[in-house]
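Student: Structure incoming, see below.
Number of protein chains: 2
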Amino acid sequence: MQRIVVLAGGIGGARFLRGLKSAVPDADITVIGNTGDDIHLFGLKVCPDLDTVMYTLGGGIHEEQGWGRAGESFAVKEELAAYGVGPEWFGLGDRDFATHIVRTQMLGAGYPLSAVTEALCARWQPGVRLLPMSDDRVETHVMIDDPDGEDGARKAVHFQEYWVRLRAGVPAHAIVPVGAEQAKPAPGVLEAVAAADVILFPPSNPVVSIGTVLAVPGIREAVAGASAPVVGLSPIVGGSPVRGMADKVLAAVGVESTAAAVARHYGSGLLDGWLVDTVDAGAVAEVEAAGIPCRSVPLMMTDTQATAAMAAQALALAEEVRA
Amino acid sequence: MQRIVVLAGGIGGARFLRGLKSAVPDADITVIGNTGDDIHLFGLKVCPDLDTVMYTLGGGIHEEQGWGRAGESFAVKEELAAYGVGPEWFGLGDRDFATHIVRTQMLGAGYPLSAVTEALCARWQPGVRLLPMSDDRVETHVMIDDPDGEDGARKAVHFQEYWVRLRAGVPAHAIVPVGAEQAKPAPGVLEAVAAADVILFPPSNPVVSIGTVLAVPGIREAVAGASAPVVGLSPIVGGSPVRGMADKVLAAVGVESTAAAVARHYGSGLLDGWLVDTVDAGAVAEVEAAGIPCRSVPLMMTDTQATAAMAAQALALAEEVRA
């Protein structure tokens, strides 16, 4: 049975995983999920990326939206607003609240996030082993201009505030995964990487999703040193993010929004293969010049079938570079 | 302005308070609420009696039910059940959950329950000053037979488990307000009692509601020593509780379910007056023989008008005994 490890963020990673499961239903898939966008809201621990993977693969996701629960209602949120308790910009529905209540209760009882995630997945049966990148708290903060400060003053806001409230509409000067340096990989993460036959980077955000996973000391080294080939899929197609606002945070780390620039950002020390979209076929030579075998294939996750084809292409490239 | 202090439990106390406000709309009313039935559910702090008073006086109560919110939905509870997380026997609705989320978040941030209650009441505007009896944790436990133990073995269950799950359907051998001995009256409680013109015991449960309030060291003494007359209304009419299952817990403390026995249970050291229902007119002499002035008046809280009349009778008796 093929052992596949996938580093995943939220929506993009979750949809890719659905395609991957469809392409290789018998594979043993371990997902190392980003927890840098976790946030405490209303005293509850919210893990947006883990939940998006769990709900998507478990059949509970709001399909059109890509995050949150299907058939959602918002009574709790309305009541919290009536109490004057915010933030109002983060859309937590009633069903979703239950997940955060269970998680917060278990964490309060002393269970690590990895054990909590396993318990939640016992209900959702995502068909993959979902591991948080770390049981330690890591919170991605974004440095933005401080409109209330002196000229040139900056302030840090939580990634969710930058992403959801501000819709990445202000310049991001730096992306800081607070706590990452002190974080340890969650139990099973390094073991899964070491035992993998293939390691995949889905078309997730290379900075705030996969970049944050790699920022946990030990994970980047394990991936770079793994015997398995590491193949990534470009989240940038034709100079723009396939979805989301990856270009905004790429700018913050000085990386161009091109399929080739993202490949070079990961680098040949990490990547053994890279897929770009057919519209970026011209970038193949540039990526290969950087020492990374590259192919151009359709990379739009329009449906599960198209996504499964992408996953199959990634696995094929992995086989090719292994040989 | 007449200063009235009311010791209150849940539904009975809340409905009495609505009548009292209607009878004397200009009075300055302080409610000392029972917190012995507070319970931690799903990691959240739930204060059923405080909330019943707050929702009833603030216009948010589920009228027929007497507790919980009007227009309630149950998405969170259904989801928790889907996770296998209980208890399922405690009916928390989505709107109600928001109250407990706000409360738990504030307590976690270091605010005492009294400050949290004040903050919640800023929304509900109950028209009374609602104080928890104590900021310290007190939990009423009930000793019942342990069906899994040896013959005669007993076990303690939380009051809510006895009351809601078991519906007081098994013998209660003792009622224990765990933590009461170490609890301190909340800020403002003793001051309100000392400054009161009248102190009222509504037809609340004399054991697990008013009895628990009085079990906080200092409160019984303050009420007994107050210059204000203390007048109570019998929760027992014609040998049965007006509502609820007060007879079950009265038995546990060795008190008969009669209007006179409850008056003697409080005693003339505490009570300066007692109202029994007209059907219990025969008990007036017995109560007065115990040194407690007593009148028989209609005590069924069928609507706000009838309840206002009861409150007016209690205030009239207070005036009479003061003279």
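Same order as they appear, the protein sequences are chains A and B. The opening residue of the first sequence carries number 1321 in this note's numbering; numbering runs sequentially from there. The opening residue of the second sequence carries number 1321 in this note's numbering; numbering runs sequentially from there. Don't be surprised by glycine CBs; every beta carbon is placed ideally from N, CA and C.
1. Would you call the segment 1487-1506 of chain B and the segment 1526-1545 of chain B in contact, with 3 or more CB pairs under 8 Å?
2. With a CB to CB cut of under 8 Å and the five nearest residues on each side skipped, what residues in its chain are close to Arg1474 (chain A)?
3. My output table needs one value for Cys1614 (chain B): the three-state DSSP class, helix, strand or coil.
4. Can you give the Cα-Cα distance for Gly1330 (chain B) and Tyr1482 (chain B), rounded to whole angstroms?
5. Ordered along the chain, which non-local residues of its own chain (more than five positions away) have a Cβ less than 8 Å from that of Gly1332 (chain B)?
6. Given that Arg1415 (chain B) touches chain A, what residues does it touch there, using C-beta distances under 7 Å?
7. Where in the segment 1355-1412 of chain B do unbroken runs of the alpha helix (DSSP H), each at least 4 residues long, occur, reported from the N-terminal end onward?
8. For a minimum of 4 consecutive residues, which ranges assigned as the alpha helix (DSSP H) are wholly contained in the segment 1489-1525 of chain B?
9. Identify every residue that forms a DSSP beta bridge with Pro1561 (chain B).
10. Would DSSP call Arg1487 (chain A) helix, strand or coil?
11. Classify Glu1541 (chain A) as buried or exposed, calling it buried when 16 or more other Cβ atoms lie within 10 Å of its own Cβ.
12. Across the segment 1419-1426 of chain B and the segment 1393-1402 of chain B, are there enough close Cβ pairs to call them in contact, namely three or more that are closer than 8 Å?
13. Could one say the Cβ of Phe1410 (chain A) lies closer than 8 Å to chain C's Cβ atoms, at least one of them?
14. From the beta carbon of Tyr1403 (chain B), is the nearest beta carbon of chain A less than 8 Å away?
15. Counting pairs of beta carbons, one from the segment 1370-1381 of chain A and one from the segment 1483-1492 of chain A, are three or more of them closer than 8 Å?
16. Could you run through the segment 1352-1366 of chain B and flag, in chain order, every residue whose CB is less than 8 Å away from some CB of chain A?
17. Assuming Leu1520 (chain B) and Val1326 (chain B) form a contact by the criterion Cβ under 8 Å, report the distance between their Cβ atoms to the nearest whole angstrom.
18. Whose C-alpha, out of B:Ser1547, B:Ala1583, B:Arg1642 and B:Thr1624, is nearest the C-alpha of Ser1616 (chain B)?
19. Do the CB positions of Ala1347 (chain A) and Met1321 (chain A) come within less than 8 Å of each other?
20. Taking C-alpha atoms, which residue in A:Gly1538, A:Ala1506, A:Glu1392 and A:His1478 lies nearest to Val1351 (chain A)?
21. So Gly1413 (chain B) and Arg1389 (chain B) are supposed to be a Cβ contact under 8 Å. How far apart are they, rounded?
22. Quickly, what does DSSP pair Lys1475 (chain A) with across the bridge? List them, please.
23. Straight-line CA distance for Ala1488 (chain B) to Ala1634 (chain B)?
24. What are the residues that DSSP puts in a beta bridge with Val1446 (chain A)?
25. Identify the continuous alpha helix (DSSP H) that holds Asp1597 (chain A) and give its terminal residues.
26. Taking only beta carbons into account, state which residues of the segment 1377-1391 of chain A come closer than 8 Å to chain B, listed in chain order.
27. Can you list, in chain order, the residues of its chain whose CB lies under 6 Å from that of Ala1535 (chain B), leaving out five sequence neighbours each side?
28. CB-CB under 6 Å to Phe1394 (chain A), same chain, minus the five flanking residues each way: which ones, in chain order?
29. Should Gln1502 (chain B) and Asp1468 (chain B) be called a contact, given that it needs their Cβ atoms to be closer than 8 Å?
30. May I ask which residues mark the beginning and end of the beta strand (DSSP E) holding Asp1348 (chain A)?
31. Val1551 (chain B) and Asp1597 (chain B): beta carbons closer than 8 Å?
32. What residues from the segment 1421-1435 of chain B come within 7 Å of chain A, judged by C-beta to C-beta, listed N to C?
33. Determine the burial state of Ala1631 (chain A): buried for a count of at least 16 other Cβ atoms within 10 Å of its Cβ, exposed for fewer.
34. Can you check whether the C-beta of Arg1443 (chain B) is within less than 8 Å of a C-beta belonging to chain A?
35. What is the residue span of the alpha helix (DSSP H) that Arg1338 (chain A) lies within?
36. List the residues that DSSP assigns as beta-bridge partners of Ile1324 (chain B).
Tutor: Looking at the coordinates:
1. yes
2. Met1463, Ile1464, Asp1465, Asp1466 and His1493
3. strand
4. 16 Å
5. Pro1522, Pro1523, Ser1524, Asn1525, Ser1529, Pro1555, Val1562, Arg1563, Gly1564 and Met1621
6. Ala1395 and Glu1399
7. 1368-1378 and 1395-1402
8. 1509-1515
9. B:Ile1556
10. coil
11. exposed
12. no
13. The structure shown has no chain C; the protein chains it does contain are A and B.
14. yes
15. no
16. Phe1362, Gly1363 and Leu1364
17. 5 Å
18. B:Ala1583
19. yes
20. A:Ala1506
21. 6 Å
22. A:Ile1464
23. 30 Å
24. For the record, residue 1446 (chain A) in the displayed sequence is Pro; it is not Val. Paired residue(s): none; Pro1446 (chain A) is not in a bridge.
25. Unbroken run through Asp1597 (chain A): none, as it is neither H nor E.
26. none
27. Pro1497 and Ala1500
28. Gly1413
29. no
30. Asp1348 to Gly1353
31. no
32. Ile1421, Val1422, Thr1424, Gln1425 and Gly1428
33. buried
34. yes
35. Ile1331 to Ala1343
36. B:Ile1349 and B:Val1518
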